[in-house]
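Student: Quick one: structure below, then a few questions.
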Amino acid sequence: MTQLNQTHDAQLTSWVPSAQALGCDFPIQNLPFGRFQIQAKQDDWRIGVAIGDQILDLRSALSVVAWPAEVARMLGPLAAGDLNAHMAESSVNRSALRAALSTSLQTGSAHQAALAKCLVAQSDAQMSVPCRIGDYTDFFTSIHHATSVGKLFRPDNPLLPNYKYVPIGYHGRASSINVSGTNFKRPLGQILPPGQETPVFAPSKRLDYELELAAYIRASNVQGEPISMVDAEDALFGLGLLNDWSARDVQAWEYQPLGPFLAKSFASTVSPWVVTMEALAPFRLPFTRAEGDPQPMPYLTSKANSDSGAINITLEVWLQTKTMADAGAPAARLSTSNFAEASYWTLAQLVAHHTVNGCNLQVGDMFGSGTQSGPKLDEGGSLLELSKGGKQPVELPNGERRTFLEDGDTVILRGYCQSPDGSPSHVRIGLGEVRATVLPARVG
Ligand code: CA
34 MTQLNQTHDA
44 QLTSWVPSAQ
54 ALGCDFPIQN
64 LPFGRFQIQA
74 KQDDWRIGVA
84 IGDQILDLRS
94 ALSVVAWPAE
104 VARMLGPLAA
114 GDLNAHMAES
124 SVNRSALRAA
134 LSTSLQTGSA
144 HQAALAKCLV
154 AQSDAQMSVP
164 CRIGDYTDFF
174 TSIHHATSVG
184 KLFRPDNPLL
194 PNYKYVPIGY
204 HGRASSINVS
214 GTNFKRPLGQ
224 ILPPGQETPV
234 FAPSKRLDYE
244 LELAAYIRAS
254 NVQGEPISMV
264 DAEDALFGLG
274 LLNDWSARDV
284 QAWEYQPLGP
294 FLAKSFASTV
304 SPWVVTMEAL
314 APFRLPFTRA
324 EGDPQPMPYL
334 TSKANSDSGA
344 INITLEVWLQ
354 TKTMADAGAP
364 AARLSTSNFA
374 EASYWTLAQL
384 VAHHTVNGCN
394 LQVGDMFGSG
404 TQSGPKLDEG
414 GSLLELSKGG
424 KQPVELPNGE
434 RRTFLEDGDT
444 VILRGYCQSP
454 DGSPSHVRIG
464 LGEVRATVLP
474 ARVG
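When we follow our numbering, the leftmost residue of the sequence shown carries the number 34, and every step to the right adds one.
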């Protein structure tokens, strides 16, 4: 588990003024990585670090400062747009780069004049997915989501008996993961209309979002050699936001007996910035299992995980319909939940479980956390939950109603960490946002 160090100091400020703006997701204590090109130039991809409303372009930064040799070596692949190479660096090395970037961006840094020329406004950047994602596995870690969705699909048997023993997951598609801002067409598929016995082929009428975290893997274990709980935390590089779009009507017809398939694989959208596990260190919480519930098996248990396996991340879903956008009305918040409260399993447990059979992970693999629904009814991380399976429309501020998504709807997920009591001991850091708009289905 990452220890706190000088890069987490709440007193640090940056010479980039917007990093100190109230509610800013990217103060100097965050320093997340993203992959971008400068929109107007359409030039080479490079990795940058978000600071305030700017990006420190590591491609330009490499050549304007006399970095220590080890830092310069690590900046090489980043300058070339390769985050995966950096993810594979040891925790000591990654921490050294973070410390160097933190020092350089601090108020009073000797590098200010040189690095000020390496800033790119985030509004001028074209982002891509942050790394080469080889495989994508989606989990199902919120017991509240599992129970309320289970109730809709199986009223008499909502939570299946394996849930409290096994971190449930399935293999998703990496090919259809897009970065925030990439809109997508409503999918078509096989749907069984209510009360009928044969399916029709049609555009999904029950298109939904799922509020998830994306965890990026930095380890590559040899096939046959599991990653134990002791090493599982070090297999994690960082977190972003993930919207795992879902066609509920397609899902209901296809999901038995092998689970999700075309209802999920048409599009998934991730936020552009990866917040490192080191940046998240101040927001760790103990992992506890309710008394009376089965304790995790030994291969899913470690002292470090019990002490600080959970992470306090507030998550939000916002919706802006086309009518709202046309009227200049802002997005409306649909729900809020918290990762530590929603999730029945920790990220380290997902790593240990995924590899316990000998399955090999690769650098750049992405884990979806599963929909992060809280225990209360209005904390559902999907419209399926908020609309009680489509029976109770959600009311929007302008009088519009939604049971599921309509064409032109824009869904925005946000996430941030702050001290639970709002105390200034740790500076608030954010994951940024992931947004995309539903386009009409392909015709014919
Ligand atoms: Ca999902």
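From the three backbone atoms N, C-alpha and C, an ideal C-beta is built for every residue, glycine too.
The structure displayed is predicted, hence computed values, not measured ones.
Which residues in the same chain have their Cβ closer than 7 Å to the Cβ of Gln145, if we skip the five residues on either side of it in sequence?
Tutor: Answer for Gln145: Trp48, listed in chain order.
Student: Could I get the ranges of all uninterrupted alpha helix (DSSP H) runs contained in the segment 302-375, with 4 residues as the minimum, in chain order?
Tutor: List check, alpha helix (DSSP H) in window: 310-313, 336-341, 355-359 and 372-375.
Student: On the DSSP bridge list, what partners appear for Ile80?
Tutor: Paired residues: Arg68.
Student: Would DSSP call Asn276 helix, strand or coil?
Tutor: Note: Asn276 maps to strand in three-state DSSP.
Student: Distance, Cα to Cα, Tyr203 vs Gln289?
Tutor: C-alpha separation (whole angstroms): 13 Å.
Student: Glu243: beta carbon under 6 Å from a heavy atom of ligand 1?
Tutor: It does: the Cβ of Glu243 is within 6 Å (strictly closer) of some heavy atom of ligand 1.
Student: Going straight from the alpha carbon of Gln328 to that of Arg165, what length do you get?
Tutor: If I take the Cα positions, the gap works out to 36 Å.
Student: Select from Arg468, Gly413, Ser301 and Asp442 the residue whose C-alpha is nearest the C-alpha of Ser376.
Tutor: Here the closest residue by C-alpha is Gly413.
Student: Tell me the residue span of the beta strand (DSSP E) that contains Arg468.
Tutor: Looking at the DSSP string, the run of the beta strand (DSSP E) that includes Arg468 is Ile462 to Leu472.
Student: Tell me whether the beta-carbon of Ala385 lies closer than 7 Å to the beta-carbon of Met310.
Tutor: Not closer than 7 Å, so no.
Student: Which whole runs of the beta strand (DSSP E) in the segment 186-210 are 3 residues long or more, in chain order?
Tutor: Fully enclosed beta strand (DSSP E) runs of 3 or longer: 202-204.
Student: Take Asn211 and list the residues in its own chain whose beta-carbon comes closer than 6 Å to its own, dropping the five residues that flank it on each side.
Tutor: Once the five neighbours on either side are set aside, the close Cβ partners of Asn211 are Thr302.
Student: Taking just the CA atoms, how far does Leu333 sit from Thr388?
Tutor: If you take the alpha carbons of Thr388 and Leu333, they lie about 11 Å apart.
Student: Could you check whether Thr354 and Asp442 sit closer than 7 Å to each other, using their CB atoms as the reference points?
Tutor: Yes.
Student: Since Asp90 is in the beta strand (DSSP E), which residue starts that stretch and which ends it?
Tutor: Counting along the chain, the beta strand (DSSP E) containing Asp90 begins and ends at Gln87 to Asp90.
Student: Beta-carbon within less than 7 Å of Gly292's beta-carbon, same chain only, minus the 5 sequence neighbours each way: which residues are those?
Tutor: Only Tyr203 meet the Cβ criterion.
Student: What is the DSSP secondary structure of Gln159, reduced to helix, strand or coil?
Tutor: Gln159: strand per DSSP, three-state reduction.
Student: Let me check one thing: in DSSP terms, what residues is Ile224 bridge-paired to?
Tutor: Val233.
Student: For Gly81, is the classification buried or exposed, using 16 other Cβ atoms within 10 angstroms of its Cβ as the cut-off for buried?
Tutor: With 16 or more other Cβ atoms within 10 Å, it is buried.
Student: Going by beta carbon distance, what residues of the same chain come within less than 7 Å of Gly114, once the five residues before and after it are set aside?
Tutor: Here the set comprises Arg68, Asp77, Trp78, Arg79 and Ile80.
Student: Mind pulling the alpha helix (DSSP H) runs of 4 or more residues that sit fully within the segment 400-455?
Tutor: If we require 4 residues or more, the alpha helix (DSSP H) runs fully inside the segment 400-455 come out as 416-419.
Student: Under the criterion of a Cβ to heavy atom distance below 6 Å, does Asp277 qualify as lining ligand 1?
Tutor: Under cutoff, so the answer is yes.
Student: Using only the heavy atoms of ligand 1, determine whether one of them is closer than 6 Å to the beta carbon of Asp171.
Tutor: Result yes, Cβ under 6 Å from ligand 1.
Student: With DSSP collapsed to three states, give me the class of Ala285.
Tutor: Here Ala285 sits in helix by DSSP.
Student: From Arg206 to Ser142, what distance separates their C-alpha atoms?
Tutor: Cα-Cα distance, rounded: 44 Å.
Student: Would you decide whether Ala54 is buried or exposed? Buried here means 16 or more other CB atoms lie within 10 Å of its CB.
Tutor: It counts as exposed.
Student: What did DSSP end up calling Leu108 once you bin it into helix, strand or coil?
Tutor: Leu108 falls in the helix class under three-state DSSP.
Student: With DSSP as the reference, label Ala143 as helix, strand or coil.
Tutor: Ala143 falls in the coil class under three-state DSSP.
Student: Give me the Cα-Cα distance between Trp306 and Gln229, rounded to the nearest whole angstrom.
Tutor: Straight-line Cα distance between these residues: approximately 45 Å.
Student: Leaving out the 5 sequence neighbours to the left and right, which residues in its chain are closer than 6 Å to Leu108 when beta-carbon positions are compared?
Tutor: For Leu108, where only same-chain residues beyond five positions count, the Cβ hits under 6 Å are Leu91 and Leu95.
Student: Cα separation between Pro280 and Val396?
Tutor: A quick correction: the sequence has Ala, not Pro, at residue 280. In a straight line, the C-alpha of Ala280 is about 30 Å away from that of Val396.
Student: So the alpha helix (DSSP H) Ala501 belongs to, where does it begin and stop?
Tutor: A query on residue 501 cannot be resolved here, the shown segment of the chain reaching from 34 to 477 and no further.
Student: Under the assumption that Glu448 contacts Leu274 (Cβ atoms under 8 Å), give the Cβ distance between them as a whole number of angstroms.
Tutor: First, the amino acid is wrong: residue 448 is Gly here, not Glu. The pair is a contact, with the Cβ atoms about 5 Å apart (cut-off 8 Å).
Student: Using CA atoms only, rank isn't needed, just tell me which of Gly463, Ser304, Arg475 and Pro473 is closest to Asp58.
Tutor: The shortest C-alpha separation from Asp58 is found at Gly463.
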